[in-house]
Structures are given as C-alpha cells and as structure tokens.
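> This is the structure, below, for whatever I ask next.
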Amino acid sequence: MAKETTELICITCPMGCTLDVTHEGDTIVDIEGNTCKRGEDYAKEELTNPQRMVTTTVRVAGGLHPLMPVYTSAPIPKARIFDLLADIRKVEIQAPIRVGDVVLEDVVDTDVDVLASRDMPAT
Amino acid sequence: MTEQYDVIVIGAGVVGSMVARFLSQYKLDTLLIDKESDVGVETSSGNSAIVHAGYDSVNGTLKSEMSVEGNRLWGTVAQELNIPFERCGTYVVAIGPDEVPKLDPLLENGRRNGVPALDIISGEEMRLREPALNPKASGALWAPTGGVIDTFGATVAAAENALMNGVTLRLNTEFQDFIIEDGRIVGIKTNRGEFDCRWVVNAAGLYADEVMHKAGVRPEFEITPRRGEYFVFDPNMVQVGEVLFPVPSKISKGIVVTTTTHGNTMIGPNAENIDNKQNTAVTQEGLNEIGTGALKLIPSLDLRHVIASFAGLRAGGNAECKNPEVSYHRDFVIEIADEVDGLVNLGGIESPGLTSAPAIAQRVIALLEEAGEELEKKPNWNRIRQARPNFHDMTNEERTLLVQKDPRYGRIVCRCESVTEGEIVAEIHAPIPARTYDAIKRRTWCGTGRCQGGFDMPRVVEILSEELGIPPEHVTKKGTGSEFLVRPTKEVEES
Amino acid sequence: MMTKKKWDVIVIGSGPGGLAAAIEAKKSGAQDVLIVERDVELGGILLQCIHNGFGLELFGEDMPGPTYAQTFIDEALELGVETRLDTMVMDVTPMRQVYVTKRDGFEELEARAVVLAMGCRERTRPQIRIPGTRPAGVYMAGLAQQFVNIEGWMPGERFVILGSGDIGMIMARRLTFEGAKVERVLEVMPYLTGLMRNYVQCLLDFDIPLELEHTVGRIIGHDRVEAVEAVQVDKDWKAVPGSEEIIPCDTLLLSVGLIPENELSRRAGVAIDPVTGGPYVNEDMETNIPGIFAAGNVVHVYDLVDWVTEAGYVAGCGAAKFAIEQRKHIDRELPVDTGENVHHVIPHRLRKDALVERDVQLQMRVTRPIEERVSVELVDGQEVVARQGARYARPGEMVTLTVPQKAYDAVNKAERLSVRVRER
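Protein chains in written order, with the working numbering: chain A, 2 to 124; chain B, 45 to 539; chain C, 2 to 425.
Right under this line is the structure:
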C-alpha cells in the first residue's frame with residue numbers, strides 16, 4: 002500500500018496543533034506535530050473513525066417555542082451526522098420537557114442518545 | 045364603471061401629498077396615487093430633512109420664490125399637521141480667511157430673495173455657538189429662519205390630512221399613460237385600471253419627465269438622478285447642536301452637518317449624477333467624501349460612531365428659469381402645460397423641494413384658479429391632523445397613562461429608540477397603513493438606533509405577521525421580493 | 002409615611018452574568034433579589050447558543066449553552082430569586098431607582114444595589130461601512146441564530162459569512178445542518194479570529210471555504226440580497242484592485258464583533274472606559290457609582306462563559322454586601338413624623354442610639370399661632386418621650402425641643418416617633 006501524509010488539526014484542546022500523519026491506508030506509520038499524547042489518540046481516531054458531538058434542534062408541539070435544542074449524549078461517527086439530522090427531523094416532541102429528557106435513543110446504530118438541552122414549558 | 049375625479053395627483057411624496065392636502069380644502073374629488081406600497085418612499089425619505097432659509101437659490105428663480113415662501117409657511121403647516129419641526133437656524137460656515145468674502149454674495153442674494161433676519165457673524169461668535177467647530181472658522185452666515193423637520197413624518201401627515209378631508213389614496217398604482225381627447229387630458233391609465241379626471245398634477249419626482257412626456261409636454265426636459273449619501277450618528281456619542289453648511293459650490297450646497305428632529309447628528313450629502321433612478325446604494329467613494337467634508341466643519345467628529353448610512357436621489361431637472369433676466373438652467377417647473385390642457389406640471393423638484401412643498405401646493409391652487417377653476421371651499425375642512433402617541437418623547441407620567449389605556453404601549457419593541465408595541469400596531473392600522481418593516485421604521489424610528497434592528501426585528505416580524513394576518517415568511521422589508529425569512533428551520537418529516 | 006418596597010438587589014439581565022449575580026447575592030445574605038429580563042424567559046444569549054463548549058472550566062463538562070443556563074436558572078429559582086419577564090428597564094438612577102415597563106404598566110422600582118448584566122450587542126453593517134444597496138437578507142450572525150434556533154425560521158438558503166469569529170463559524174455549521182448552503186466565509190484578518198476547533202468542526206468538516214484577508218466590497222441586490230462582491234485586502238484593509246469576485250447568494254451574515262451594551266449605565270452616570278466600552282470597575286465589580294455593580298459582557302467581551310459566571314458571583318456578592326450594609330443603616334434609624342400643629346421638623350430621622358453621646362435638638366415650626374402656654378412633645382404613639390414648655394408658639398419663630406440623654410431607652414425601643422405642640 003502507498004504511504005501518504007494527511008494533515009489534521011487536533012481539536013482536543015484549544016492549542017489546535019497541526020498534525021502530519023503518515024499512514025498506509027488506515028495504519029498509522031508516524032505522527033508529527035503533536036505536543037502531547039492526546040494528539041496521538043486524536044489522530045488515530047480521526048483517521049480511522051472520526052467522531053463528533055452533534056447539537057441541533059427538534060420540533061416541539063405545545064411548547065413556548067416551536068423548536069427545542071438537543072444534543073448527543075456522546076460523540077457519534079462523523080459519517081452518520083446527516084443521517085442523525087434526518088432522523089431528528091422525523092420527530093416532534095410534546096411539551097412540557099425537562100432538561101436531560103431522552104428525545105431519541107440509540108441513534109444511528111450506536112448506544113448514544115439525543116437529549117433535551119433545556120426545559121421547555123408547555124403553553 | 046371608471047372612477048371619476050376632478051383632480052388626480054401623480055406621486056405621493058411630500059410635494060404630491062402637500063398638494064393633495066391643500067386641494068382637500070375645496071369641493072373637488074381628488075385622487076392621490078403612488079406606484080410604491082407606501083407614501084414618500086423615494087426622495088421624500090432620503091434627504092437632509094432641512095427647511096432651508098432660502099438665501100442660496102438664484103434670485104428671480106422659482107426655486108428662490110418657493111423656498112422663501114415655503115419656509116415661512118412651514119411654521120403654521122407643521123403645527124397644524126403636528127409634524128416635528130424645529131426652527132433652530134442654519135449657518136454657512138467660512139473656514140479660513142479666503143472663504144469669508146464668499147458669505148457676502150449669499151447675504152445679498154438672500155436679502156434680495158426676501159429672506160428675513162440674515163446676518164453675518166464672526167468666527168469667534170460662531171465658535172461660541174458651536175464649540176466643536178473647526179478653530180479655523182472665520183465667520184458664518186446666520187439664517188435664523190432655517191430649521192429641521194421630520195421629512196417622512198411630514199409626508200405621512202400631509203397625506204393623512206388629505207385623506208381625513210376626503211382625498212382618495214391609491215398605493216401600488218403606477219401611472220402608465222394619459223387619456224387625451226381633443227387636446228385635453230380626460231383621464232389616466234395605470235396598472236390598476238383607468239381613472240377619469242379633469243386635471244392631473246404631475247408630482248412624480250424622479251419620474252416627472254417620463255410622465256410629462258406621455259402628453260408631449262416639454263420634450264427637452266430631463267430628470268437626472270443625482271445621488272447623495274449620508275451618515276447618521278449615535279445620539280449618545282455624538283451631539284452637534286447646530287445645522288452647519290460649508291461655503292457652497294456651483295452644483296451643491298455641500299456636505300452638511302445637521303441634527304435631525306429625532307436627535308441624531310447626520311452628515312452628507314455628496315452629489316453624484318447617476319443614470320439609474322433606483323440606485324440608492326452607498327459607495328465607498330461617497331462615504332469617504334462625506335466623512336472628509338464633515339471633518340472640515342467638525343474636526344473631532346468620530347466616524348466610529350456612525351450607526352446608519354443611506355443614500356437619496358435628487359430629481360435634478362434641466363429647465364430654464366422663466367424669468368428672461370435670469371440665466372439659470374435647473375429651475376423648478378411649476379406651470380400649467382401648454383402642449384395639452386388639464387395638466388399642472390411640476391418638474392425638477394430637487395432641493396429646496398422639501399422646503400418649498402407648502403408653497404408649491406399653494407401655487408398649484410393659484411394656477412388652477414388662474415385657469416378658470418371655480419374653487420369652492422369646504423365648510424368643514426379640518427386643517428388639524430393629530431399625531432399618534434410617541435413613547436420616546438413622553439414623560440414617565442404620560443407613559444403610565446398611555447399604558448393604562450392600552451397595555452401594548454408598555455411593551456418595548458425597539459430598545460434603542462423606545463418604540464412600543466402599541467405604536468407599531470397603531471401604525472399598521474393607521475389611515476395610511478404601515479405594511480412593511482421599512483414603513484414602520486420610517487414612521488416610528490424603530491430599528492434606526494445603535495443595534496440597527498438586532499433586538500426589534502423578530503418582534504416586528506411577529507407583530508406584522510399577526511396584525512396583517514400573514515405568515516411570517518411573507519413579512520417584507522420593503523414590499524414583495526424583500527421577504528426576510530424563507531422557510532421554517534425544520535418541519536416534521538414523514539418517516 | 003408610606004414606605005415603598007425596596008429590593009436588596011435588582012439584577013438587569015438574566016444571561017450567565019445576571020443569573021450568577023442573583024444566585025450569589027442570595028447566598029451572600031440578600032433578602033429580596035429581583036431579576037428584570039426583557040425576554041419572555043430567563044437565560045439570555047445562552048438560549049440560542051445551542052452548540053456545546055460551555056462549562057468546561059467550571060464543571061469539567063462540555064455542555065450546550067441552554068443546558069449551562071438551565072443549571073443556573075434552576076438554582077436561582079430554588080433560592081427564591083424573583084423575576085420580571087418581558088420587562089424592559091428604561092432607566093437606572095444613581096440612587097438605584099429602576100424604571101421598568103411591560104404590558105402591565107410602567108413601574109418605578111427601588112433597590113439598595115443594582116447589578117448591570119445587559120451583555121452585548123452586535124456590530125452592524127453601517128458601523129463597518131459596507132457599500133452597496135440595502136436589501137433584505139443582511140443579518141448579524143446572532144440575529145440569524147435567534148431566528149434559526151428560537152423563532153424557528155431560516156433567513157435564507159445561500160449564505161456568505163463575513164467574519165471567522167466563533168459566532169460566524171458556529172452559524173456556518175448550523176445553517177448547513179438545516180439544509181442551507183454556506184458558500185464562503187470571509188475574514189479580513191490574515192488569521193482565524195475564532196477557535197481552531199470550530200474551524201475544524203464547522204468549516205473543514207463541511208468543506209466550507211475560508212478566505213483570509215478578504216472582505217465584502219459591496220452588497221448587490223435591490224429587494225433581497227442577490228450576491229456579494231468579495232475582495233482581497235492588503236495589510237491596511239484596502240481592497241486589492243482586480244481581486245473582486247461576485248459570489249451569488251441570498252443572505253450575508255455579519256460576524257464582525259460585539260459591543261458592550263451600556264446605554265443604561267451611561268444614563269445612570271456610570272463612567273465608561275472608552276477602551277473596553279464597559280464600566281470602570283473595582284475588584285468587587287462595583288462601578289464608580291456606589292451600589293451599582295456590573296458583570297459579564299457588559300463590562301468587556303468574554304470568550305468563555307465560565308468566567309462570566311465567576312464575574313457574576315463577584316458582583317452579586319458585592320451587591321448583597323452593599324445592600325445589607327444599607328439595610329442595617331436604615332434599620333438603625335427612625336423617622337421623626339410631624340404631629341399636631343407641627344409644620345416640619347429637623348432632623349427627619351434619629352438613629353436609635355442617637356442619645357448615647359449627647360442630647361439632641363429638634364427644631365420645628367408650627368402650622369398656626371398658639372397664643373397660650375404650650376407643651377412641645379416628642380412622643381412614641383401616645384407615650385411622651387421628651388417634653389418642654391413654652392409661653393406661646395408662632396409660625397414665624399422656630400421652636401426647639403431638647404431631647405435629653407436620659408430619654409435614651411425610650412427612643413431606642415420606640416416604634417414611631419413624632420413631635421406635637423399642644424395647648425397646656
């Protein structure tokens with residue numbers, strides 16, 4: 002397999018080190034540019050299976066506002082973000098809602114839930 | 045059945061609206077039309093808002109006659125119509141010794157024009173009156189009869205008073221052609237159908253040339269739009285008290301530093317001939333020019349405190365002054381047309397157009413009388429138009445009483461300018477309804493403050509949507525095509 | 002004499018600064034704490050910041066903005082903080098009167114201490130003087146965020162964003178999530194002005210191009226934005242000729258800076274630092290006006306909300322301490338009312354322990370002449386605390402009553418003091 006170098010910016014902490022990752026396919030050969038071990042871990046995951054926290058809104062019925070902010074309880078695969086957003090668009094939740102309430106469980110083939118980011122009183 | 049009128053006024057800017065208001069004194073069926081969705085959308089809401097004393101128009105021209113008379117009349121008219129107007133006096137400031145001699149011809153010309161109480165004061169005296177003035181100020185022409193007025197407010201007030209007294213107003217109605225029989229105008233064609241009439245008053249401002257040409261009147265007359273850009277300052281940070289002009293140039297009064305009736309310092313305009321009657325864009329060059337010009341008068345002016353900028357278009361005409369002894373090529377056209385019967389033709393009403401408006405209206409009446417019209421006064425003509433409550437200008441006691449009458453006057457929608465929900469609702473249901481964000485802005489000053497709509501916008505959209513019974517995505521800034529919102533963020537989709 | 006309700010602390014604004022101030026004021030012993038909030042609910046700007054990144058410092062957690070706010074909203078309400086929602090503060094005076102208006106009416110509130118927590122407003126298009134037309138479709142990023150996240154409306158479908166600050170980048174992702182297209186992000190500086198992590202998660206992740214050293218040369222479109230002209234700039238921010246590019250779009254988002262919102266502060270006489278745009282404050286977050294404190298973005302623009310909360314705690318504690326001190330001072334005093342035949346009396350108030358060191362002179366004038374022997378009396382209800390005789394009492398001649406030290410106990414335990422002049 003051919004060796005290639007991919008440039009990544011680590012987002013683990015505000016420093017934002019630029020990492021030069023030399024790899025053959027998914028196998029990492031060398032990482033340069035990181036200031037700490039977390040950069041290495043980030044590079045490994047980002048190259049093979051990048052994960053992201055997702056925050057968005059979901060439609061609400063009978064609430065003070067038409068939308069309610071929600072967030073994933075843990076990161077999900079970056080490749081599945083738009084699938085998750087599509088699933089959330091199929092949902093409408095009924096007010097009143099309490100912060101932390103589960104809106105969707107085990108989304109996009111993970112064990113991550115989508116939770117309410119705030120209270121939403123009923124009108 | 046085609047609607048029949050005695051007089052149709054084309055154009056509901058400040059001149060057309062004032063003409064309609066004065067016409068409404070008489071037993072005439074009058075129709076006022078405008079192609080826009082509101083009155084006074086064009087030149088009448090994009091100008092310096094100054095009522096000039098009248099010293100600078102060339103002596104012997106209609107401009108000088110109308111402006112001096114208009115200046116005099118505004119005192120009464122503004123009071124009758126409850127229009128904010130302050131006769132604060134205006135100044136032409138000479139900077140440096142070379143400019144002082146240029147004030148004398150202005151004084152002479154002003155006195156010949158009949159402007160009262162003009163005087164020349166020293167640079168020292170001028171600096172006492174305006175401490176922030178350029179220390180090199182060497183003298184000033186003081187015109188105590190000059191003042192500032194709420195220009196858009198004036199247009200609405202005149203139009204409302206006209207309506208109160210029986211005039212019909214049709215907006216979104218665009219003149220297309222005259223209906224002429226045997227050399228006499230008997231009606232007009234518009235995009236909303238035909239209307240019969242005996243007289244037409246052409247008050248179409250930027251489009252006055254196009255209107256008159258449809259009747260073959262003054263084929264050589266041409267309106268060249270001349271754009272002027274302005275900056276408006278935060279009243280909390282910049283407060284220049286006086287109205288200051290520089291020594292004028294050949295084509296324009298120069299870049300003024302003025303205070304609006306609302307309390308903002310405003311600078312501008314520059315003057316640039318353009319070819320598009322709709323182009324009110326602001327330009328980098330224009331903004332640089334007015335900044336530089338204003339700093340000559342007030343060197344300490346901090347441009348970082350600009351909160352708004354806009355441009356207005358002057359309807360610059362090319363008519364020769366009718367007085368054979370005067371050589372002037374940009375005079376007002378105010379006359380009964382020769383080429384066709386039934387047209388009172390107004391053209392080239394640029395500055396001092398706002399100042400002249402009441403005088404022009406009176407002149408239109410005089411022209412109709414001269415032409416043989418029997419003008420019979422209505423016995424119950426109401427010259428007074430009440431203003432609606434203005435939270436911004438009220439005392440706390442007045443505010444408390446107002447809120448007790450209608451709780452919506454207690455809910456602030458525009459924080460920066462203290463505009464309440466009650467006022468906005470009142471304008472939406474006023475005789476000339478505000479139906480767009482800009483219409484509300486012109487009437488209430490909502491959105492003109494520091495945050496430029498940052499706080500009020502969602503609330504105004506909600507109120508317009510509710511009061512007009514339209515979905516939020518149909519609420520516009522200035523009419524169809526300028527909607528703010530395109531769709532809901534998300535709708536529930538089928539699984 | 003009618004006494005008006007006096008709040009210990011009034012907090013203006015219920016964003017993170019205001020909420021923290023109200024909470025800490027309560028915890029520091031303030032009794033009546035009121036938050037006045039112009040919106041229909043508590044939380045301030047955090048309610049529309051639905052992305053995460055909040056609470057990393059204070060809680061070690063990565064929370065969305067509304068969740069961070071909810072924590073403090075719950076705590077404030079549990080502590081008994083009172084609120085007036087949908088209420089606008091029109092004015093604050095140096096004596097801490099707070100004039101507010103809402104649908105119910107216009108009200109004058111009184112506070113012992115005030116905490117200013119009004120936050121920021123956004124820099125506008127006219128302030129950065131973008132030439133061009135004035136169509137619909139030019140939005141400040143925060144306003145667009147409010148429409149998208151709270152009101153539930155998209156302001157457009159095709160966006161250009163000016164400014165690579167966090168608000169601009171966050172909105173780039175948000176709009177993309179909701180099906181819009183972000184064509185370009187333009188940044189006038191030669192570097193990113195927001196966080197690197199946002200660059201990765203908001204722009205790189207979605208292939209949204211960022212152009213540094215670029216700005217909007219002009220806006221195009223008569224009724225609605227039709228395009229913007231992007232232009233490269235040199236180090237003096239002057240356009241590089243020939244670099245103009247027309248980018249078709251229907252919305253321009255401006256993320257060009259925040260300005261502390263201090264108009265109320267100015268009207269109260271609070272001195273404003275021209276460098277920060279916010280009040281001068283000491284370590285208690287107290288302004289130059291005693292009893293008026295300030296916390297959060299209204300003082301200067303913060304980048305992490307956690308530090309806004311900390312500043313709010315400081316201001317709330319300071320405000321509470323000030324209020325408590327004020328109350329003690331007033332509780333130690335009694336008003337001296339005018340009773341029968343007395344027009345006015347000086348002093349108006351006596352400290353309860355006034356007589357510890359010396360006698361006190363009360364000076365008064367009568368309402369009518371009494372040409373008979375009179376008794377001048379200081380009374381607590383009907384109980385006489387001090388008395389003096391005089392041969393007459395006339396309005397033209399000041400009447401004096403000496404309250405001797407031996408009346409100390411009577412004054413100290415008095416409930417209501419008043420002076421009267423009676424015929425003997």
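Backbone N, C-alpha and C fix where the C-beta goes; we use that ideal spot for every residue, glycine too.
Return the chain-ordered list of same chain residues with a C-beta closer than 8 Å to the C-beta of C/MET2, the five sequence neighbours on each side being excluded.
No answer about C/MET2 holds up, because its pLDDT of 38 lies below 50 and its placement is not dependable.
> Output, in chain order, the set of chain A residues within a Cβ distance shorter than 7 Å of C/LEU196.
The contacting residues are PRO15.
> Would you tell me roughly how many angstroms separate the C-alpha atoms of C/GLU58 and B/ARG271, rounded to the nearest one?
Spanning the two alpha carbons is a distance of roughly 54 Å.
> Do the segment 467–477 of chain B and the segment 102–116 of chain C make contact, defined as three or more Cβ pairs closer than 8 Å?
No, the segment 467–477 of chain B does not touch the segment 102–116 of chain C.
> Measuring CA to CA, which of C/ARG122, C/ILE347, C/GLY397, C/GLY270 is closest to C/LEU379?
If we check each option's Cα against that of C/LEU379, C/ILE347 comes out closest.
> Just tell me which of B/TYR481, B/VAL377, B/ALA352, B/LEU288 has its CA closest to the CA of B/ALA187.
Among B/TYR481, B/VAL377, B/ALA352, B/LEU288, the Cα nearest to that of B/ALA187 belongs to B/LEU288.
> Is the beta carbon of B/LEU339 closer than 8 Å to that of B/LEU345?
Taking 8 Å as the Cβ cut-off, B/LEU345 and B/LEU339 qualify as a contacting pair.
> Three-state secondary structure (DSSP) at A/GLU8?
A/GLU8 falls in the strand class under three-state DSSP.
> Name the residues in the segment 43–73 of chain A whose C-beta lies less than 7 Å from a C-beta of chain B; which are they?
From the segment 43–73 of chain A, only THR58, ARG60, LEU68 have a Cβ closer than 7 Å to chain B.
> Within its chain, find whatever has a CB closer than 8 Å to the CB of B/LEU177; leave out the 5 residues flanking it on each side and keep chain order.
VAL137, MET170, ARG171, LEU288, LEU341, ILE342, listed in sequence order.
> Tell me whether B/GLU364 sits in a helix, a strand or coil according to DSSP, three-state version.
B/GLU364 falls in the coil class under three-state DSSP.
> Measuring from the CB of B/VAL291, is there a heavy atom of the ligand GTP at a distance below 7 Å?
In terms of ligand content, the structure shown is empty, and the ligand GTP therefore cannot be addressed.
> Anything in the segment 75–91 of chain A with a Cβ closer than 7 Å to a Cβ of chain B? List those residues in chain order, please.
Under the 7 Å Cβ criterion, the segment 75–91 of chain A contributes ARG90, LYS91.
> According to DSSP, C/GLY390 sits in a beta bridge with which residue or residues?
Paired residue(s): C/SER376.
> Look at the Cβ atom of C/TRP154, then the Cβ atom of B/THR533, and state whether they are nearer than 8 Å.
Going by C-beta atoms, C/TRP154 is nearer than 8 Å to B/THR533.
> For A/GLU5, decide whether its Cβ has a neighbour in chain B, counting only Cβ atoms nearer than 8 Å.
Not one chain B Cβ lies under 8 Å of A/GLU5.
> Under 8 Å, Cβ to Cβ, is there at least one residue of chain B near A/GLU93?
By this cut-off, A/GLU93 is an interface position.
> Counting only the same chain and skipping the five closest in sequence on each side, list residues whose C-beta sits under 7 Å from that of B/ASN115.
Excluding sequence neighbours, B/ASN115 sits near VAL95, HIS96, ALA97, GLY98, THR189, THR399.
> Between C/MET3 and chain A, is the shortest Cβ-Cβ distance under 8 Å, so that the two count as touching?
Residue placement at C/MET3 is flagged as unreliable, the pLDDT there being 43, under the threshold of 50; the coordinate-derived value follows with that caveat. No, C/MET3 lies away from the interface with chain A (no Cβ there is under 8 Å from its Cβ).
> Could you give the uninterrupted runs of the alpha helix (DSSP H) lying entirely in the segment 20–96 of chain A, keeping only those of 4 residues or more?
For the segment 20–96 of chain A, whole alpha helix (DSSP H) runs of length 4 or above, ordered along the chain, are 38–49, 82–90.
> By the criterion of Cβ-Cβ separation under 8 Å, what are the contact partners of B/VAL536 in chain A?
Here the neighbours are ARG60, ARG90, LYS91, VAL92, GLU93.
> Taking contact to mean at least 3 C-beta pairs separated by less than 8 Å, is the segment 349–360 of chain B in contact with the segment 73–82 of chain B?
No, they do not touch.
> Would C/PHE178 be called buried (16 or more neighbouring beta carbons within 10 Å of its own) or exposed?
Buried, by the Cβ-count rule.
> Which runs of the beta strand (DSSP E) fall wholly inside the segment 144–204 of chain B and span at least 3 residues, in chain order?
Segments of the beta strand (DSSP E) lying fully in the segment 144–204 of chain B: 163–166, 181–187, 191–193.
> Cβ closer than 7 Å: which chain A residues qualify as neighbours of B/THR533?
Residues of chain A passing the Cβ test: THR58, LEU68.
> Tell me which residue opens and which closes the alpha helix (DSSP H) that B/ARG407 is part of.
Per DSSP, B/ARG407 belongs to the alpha helix (DSSP H) from 397–414.
> Go to B/TYR135, then tell me how far its beta strand (DSSP E) extends in each direction, as first and last residue.
Looking at the DSSP string, the run of the beta strand (DSSP E) that includes B/TYR135 is 134–139.
> State the start and end residues of the unbroken beta strand (DSSP E) segment that holds C/LYS7.
7–13 is the span of the beta strand (DSSP E), which, as asked, contains C/LYS7.
> Where are the alpha helix (DSSP H) runs, 4 residues long or more, that stay fully inside the segment 60–132 of chain C, in chain order?
For the segment 60–132 of chain C, whole alpha helix (DSSP H) runs of length 4 or above, ordered along the chain, are 66–79, 126–129.
> Is there contact here, the segment 165–179 of chain C with the segment 9–18 of chain C, by at least three beta-carbon pairs under 8 Å?
No contact exists between the segment 165–179 of chain C and the segment 9–18 of chain C.
> Does the pairing of the segment 215–228 of chain C with the segment 128–138 of chain C give three or more beta-carbon distances under 8 Å?
Yes, they touch.
> Decide if C/CYS318 is buried, meaning its Cβ has at least 16 other Cβ atoms within 10 Å, or exposed.
The residue is buried, with at least 16 neighbouring Cβ atoms inside 10 Å.
> In chain order, what residues of the same chain lie with their CB nearer than 7 Å to the CB of B/GLY57, ignoring the 5 residues before and after it?
Cβ neighbours of B/GLY57 beyond the five flanking positions: GLY84, GLU86, THR87, SER88, THR199, ALA247, GLY249.
> Check each candidate in B/VAL463, B/ILE378, B/LYS321, B/CYS490 and name the one with the smallest Cα separation from B/GLY356.
Closest by alpha carbon: B/LYS321.
> Going along chain A in order, which residues have a C-beta closer than 8 Å to the C-beta of B/SER539?
Result: LYS91.
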